[in-house]
Amino acid sequence: MQQRKKILVIPSWYPNKEQTYGGSFFREQSEFFLQKYDVRVLVGSRSSLPLNKWCKKYGLGHASPSEVEVTQAGLQEHRFCYRTTFKDEKHLIGSMIQGYIETLKRMIGDGWKPDLIHAGCTDPAGIVAASFSKTFTIPWVLSEHQVFALGNYSPYRAKLMRRAIKSETMVTVVSQHQLRAFVAHYIYRSLIVTGNLVDEKKFQLVTSHSKKPVFNIMTVMYPSPIKDPETFFKAIAEIASIGHKNIEVTIIGKELFSRDNVDKFTRYINQYKLETLCTVIPYVRNDELAEYYSKADVFVSTSLAETFGIAVREAMMVGIPVVCTSSGGVDDDIFDFNGFRVDIYDYKAIANAVIKIKEGTVRYDPTVIRNHVLTKYGRKAFLEKMSEIFEAALEKAEA
0 MQQRKKILVI PSWYPNKEQT YGGSFFREQS EFFLQKYDVR VLVGSRSSLP
50 LNKWCKKYGL GHASPSEVEV TQAGLQEHRF CYRTTFKDEK HLIGSMIQGY
100 IETLKRMIGD GWKPDLIHAG CTDPAGIVAA SFSKTFTIPW VLSEHQVFAL
150 GNYSPYRAKL MRRAIKSETM VTVVSQHQLR AFVAHYIYRS LIVTGNLVDE
200 KKFQLVTSHS KKPVFNIMTV MYPSPIKDPE TFFKAIAEIA SIGHKNIEVT
250 IIGKELFSRD NVDKFTRYIN QYKLETLCTV IPYVRNDELA EYYSKADVFV
300 STSLAETFGI AVREAMMVGI PVVCTSSGGV DDDIFDFNGF RVDIYDYKAI
350 ANAVIKIKEG TVRYDPTVIR NHVLTKYGRK AFLEKMSEIF EAALEKAEA
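Using numbering that gives the first Met the number 0, you'd call the opening residue of the sequence shown number 0 and step up by one each time.
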């Protein structure tokens, strides 16, 4: 029996005891790849110990001993802390890299050397993976998920990010919009658009809704300007002002909201007098989210910019139509057969599109909506796509 290739995943952020949601998609994808590969995750975090206490506890090295946890799916997660003797950025990044290198050396010494490294986002995972590749001569693949805007970083960090992108074996991005962002930074290397995993096992098809007295409008967002919540609430107010009062609006946060986050939404709701129509649910676990999609009649996204737009695809996987602003990442998959795409900030266009769906002026086939997402981002499609990339990176390194 052929031995499975070993893949070390380095996420740029990851769930922990204090924050159980952030980076959960890195965990989910790593667990997903277990069906074909021997996958382990390496997660470093910055230590707050002063140097004298660090040396007393861990010696002169840059990394603490690893703590290994195993998820219910069987994924090994190796966690460690790296020391931070100096506070300037150059030394902090250098210490982080050395901590990762020391920890991987220990893993190799224990008999597990990865054949391939999969870095989730350029900062900081790609920066670390570039150093790994140089130190251990291991090929690596970068999957960029987050907004790519080097102007948001210090010149030093931006330089390291550029260097990492040029050095990795293969680079994937989640949308054509993100590909164009790389080109806008004069990065012309080959990029592969993969999208993201949308698990059809979690998001089951809902073929019909029983007749309800109210029409359910759903969104998933947090109160950041990039999500443009005000346009969303203006659109709802517009719908209500035209006379469509038999609606219920569900606003879900996929992250744990602070009280301030909820209050921001509440202010919009009060401002536009939507108290009787809107319900804010601060947090819903991923495995419970499908239940809310299944009760919705339409999903609305008012984002100004999305690298991919996972919530939009999840809604489509359930079979419900979507109304989205032209935020970039969603543009690859919005067509006449699954919804409407309108200009950003255009709350009246959003309202008109929702009303057309509500009144049945346009009708949709839930199976057609689902199948479009299933064939591009479902379990089989995503595994085949990423496996081709992993195998190509391995072959390229061996050539």
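Glycine included, every Cβ here is placed at the ideal spot set by N, Cα and C.
Give the DSSP bridge partners of phenylalanine 25, in chain order.
None, per the DSSP bridge assignment.
Checking 8 Å against the spacing of the C-beta atoms, do isoleucine 250 and isoleucine 354 come in under that value?
no
Should isoleucine 309 go down as buried or exposed, given a rule of 16 or more other Cβ atoms within 10 Å for buried?
buried
Under three-state DSSP, which class holds methionine 217?
strand
CB-CB length for proline 124 against serine 47, believed under 8 Å:
Reading the sequence as shown, one finds alanine at residue 124 and not proline. At roughly 22 Å, the Cβ-Cβ gap does not stay under 8 Å, so alanine 124 and serine 47 are not in contact.
Neighbourhood of threonine 374 by C-beta, 8 Å cutoff - its chain only, sequence neighbours within 5 removed
Ala380
Would aspartate 114 and lysine 4 qualify as a contact pair, given that the criterion is a beta-carbon distance under 8 Å?
yes
Per DSSP, arginine 45 forms a beta bridge with which residues?
Tyr81
6 Å Cβ shell around lysine 395 - same chain, five flanking residues per side excluded
Thr168
Closest residue to tyrosine 99 among Pro64, Pro222 and Ile241 (Cα-Cα distance):
Pro64
Starting from the Cα of leucine 190, find the closest Cα among Ile9, Val197 and Gln175 and give me that residue.
Gln175
By how many angstroms is the C-alpha of phenylalanine 31 removed from the C-alpha of phenylalanine 389?
14 Å
So what does DSSP say about isoleucine 343, is it helix, strand or coil?
coil
Mapping DSSP to helix, strand and coil, what is glutamine 97?
helix
Residues bridged to aspartate 37 (per DSSP)
Lys5
With 16 other CB atoms within 10 Å as the buried threshold, where does glutamate 287 fall?
exposed
Three-state class that DSSP yields for threonine 121 in the structure shown
helix
Which listed residue (Asp37, Pro212, Gln28 and Lys16) has its alpha carbon closest to that of glutamine 2
Asp37
For asparagine 195, I'd like the list of residues in its chain whose CB is within less than 7 Å of its CB, leaving aside the five on either flank, ordered along the chain.
Val173, Phe307, Ile309 and Tyr376
According to DSSP, alanine 62 sits in a beta bridge with which residue or residues?
Tyr81
Identity of the residue in Ala163, Phe336, Ala157 and Val248 nearest glutamate 88 by Cα
Ala157
Apart from the five residues on each side of it in sequence, which residues of its chain come closer than 6 Å, Cβ to Cβ, to lysine 384?
Thr193
The beta strand (DSSP E) enclosing tryptophan 139, as first and last residue numbers:
139 to 143
Alpha carbon to alpha carbon, how far is phenylalanine 264 from serine 223? Give it in angstroms, no decimals.
10 Å
Give me, in chain order, the residues of the same chain whose beta-carbon lies closer than 8 Å to that of serine 94; leave out the 5 immediate sequence neighbours on both sides.
His61, Tyr81, Arg82, Thr83, Thr84 and Phe85
Enumerate in chain order the residues of its own chain whose CB-to-CB distance from threonine 206 is below 6 Å, with the five nearest sequence positions on each side excluded.
Pro365
Whole angstroms are fine: how far does the CA of arginine 26 sit from the CA of glutamate 76?
9 Å
I'd like the list of long-range same chain contacts for valine 213, defined as Cβ closer than 7 Å, with 5 residues on each side in sequence excluded.
Asn245, Ile246 and Glu247
Use the C-beta contact count for aspartate 332: other C-beta atoms within 10 angstroms, 16 or more gives buried, fewer gives exposed.
buried
Which of helix, strand or coil does DSSP assign to proline 365?
helix
Look up glutamate 274 in the DSSP assignment and say whether it is helix, strand or coil.
coil
Taking all protein chains shown into account, decide if valine 67 is buried (16 or more other Cβ within 10 angstroms of its Cβ) or exposed.
exposed
Give the straight-line distance between the Cα atoms of glycine 318 and arginine 162, rounded to the nearest whole angstrom.
42 Å
Whose C-alpha, out of Lys211, Tyr187, Val279 and Arg78, is nearest the C-alpha of phenylalanine 232?
Val279
I need the boundaries of the beta strand (DSSP E) containing glutamate 247, first residue and last residue.
246 to 251
Leaving out five residues on either side along the sequence, give the residues of the same chain with a beta carbon under 6 Å from the beta carbon of lysine 35.
none
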